[in-house]
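Structure record follows, encoded as structure tokens.
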């Protein structure tokens, strides 16, 4: 039979309580169009995931800027009416934003 002293038993309880699982951390990611759609982003939302060949002038609003994954094509100015389509490494539309 094993005898535990009070301090040893207390230490065991404290040690085991540290192993109790904690509540999972949740992160909310917003992936839809912005609340203020100054650049007609909602109309182009369906293009996300499409190849760059689908991003034609007839589909996109005039003045749309297409930025490649490495940053080529970025504008130096900010224009809230301009739609910016960012491409991923595979040449697909990965994100939309106004600017």
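In the numbering used here, the protein residues as written are 653 to 751.
For each residue, glycine too, the CB sits at the ideal point set by N, CA and C.
Residue environment, residue i, which counts as buried when at least 16 other CB atoms sit within 10 Å
| i | result |
| --- | --- |
| residue 727 | exposed |
| residue 737 | buried |
| residue 700 | exposed |
| residue 724 | exposed |
Length of the line joining the Cα atoms of residue i and residue j
| i | j | result |
| --- | --- | --- |
| residue 751 | residue 705 | 22 Å |
| residue 703 | residue 743 | 6 Å |
| residue 741 | residue 718 | 13 Å |
| residue 710 | residue 734 | 16 Å |
| residue 715 | residue 691 | 10 Å |
| residue 625 | residue 707 | Nothing about residue 625 can be read from this structure; the chain reaches only from 653 to 751. |
| residue 695 | residue 739 | 17 Å |
| residue 745 | residue 698 | 10 Å |
| residue 732 | residue 688 | 10 Å |
Proximity winner among the options, relative to residue i (alpha-carbon distances)
| i | options | result |
| --- | --- | --- |
| residue 730 | 749, 713, 745 and 739 | 749 |
| residue 747 | 732, 693 and 689 | 693 |
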